[in-house]
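Report on one structure; see the data block that follows.
Residue numbers (the working numbering): 239 to 343.
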């Protein structure tokens, strides 16, 4: 009796875990992912490589970047007002936002 090989990979359909996929023939761990593309062919609980950090780590990275940007903007804004200001009264208001056009003398 000659058995059929639907995908032409050299393994008969009765022994082929993926009879219609020529690139896969076995699934050792039974997770539905062929051994050729399975990162963990002997572990049925996972098949793809997982990232080394989770969502919480990503939130921390984003928060750190946001804080750095804000502090940089505050520092640059402060430097701008310190260089332009001339009187002690104006220096005490250096953290305030400008309320209108600057006076030219």
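Even for Gly, the Cβ is constructed at its ideal location relative to N, Cα and C. For clarity, every value in this text was computed on a predicted model and none was experimentally measured.
Could you have a look at residue i and say whether DSSP puts it in helix, strand or coil?
i, result
"residue 283", "coil"
"residue 278", "coil"
"residue 256", "coil"
"residue 315", "helix"
"residue 305", "helix"
"residue 295", "helix"
"residue 263", "coil"
"residue 300", "helix"
"residue 249", "coil"
Within 8 Å (strictly less), CB to CB, does residue i reach chain C?
i, result
"residue 299", "The chain inventory of the structure shown lacks chain C, comprising one protein chain alone."
Cα separation between residue i and residue j?
i, j, result
"residue 253", "residue 292", "39 Å"
"residue 304", "residue 244", "56 Å"
"residue 310", "residue 274", "49 Å"
"residue 286", "residue 300", "26 Å"
"residue 247", "residue 280", "22 Å"
"residue 312", "residue 294", "27 Å"
"residue 261", "residue 239", "25 Å"
"residue 298", "residue 270", "35 Å"
"residue 316", "residue 296", "30 Å"
"residue 307", "residue 314", "11 Å"
Residues in the same chain with beta-carbon distance under 6 Å from residue i, minus the five sequence neighbours each way, listed in chain order, please.
i, result
"residue 268", "282"
"residue 276", "285"
Are residue i and residue j close, meaning C-beta to C-beta below 8 Å?
i, j, result
"residue 263", "residue 256", "yes"
"residue 259", "residue 272", "yes"
Say yes only if the C-beta of residue i is nearer than 7 Å to one or more non-hydrogen atoms of the ligand PLP, and no if none qualify.
i, result
"residue 293", "This structure lacks the ligand PLP; in fact it carries no ligand of any kind."
Excluding the 5 residues preceding and the 5 following residue i in the sequence, name in chain order all residues of the same chain whose CB lies nearer than 7 Å to its CB.
i, result
"residue 241", "250, 251 and 252"
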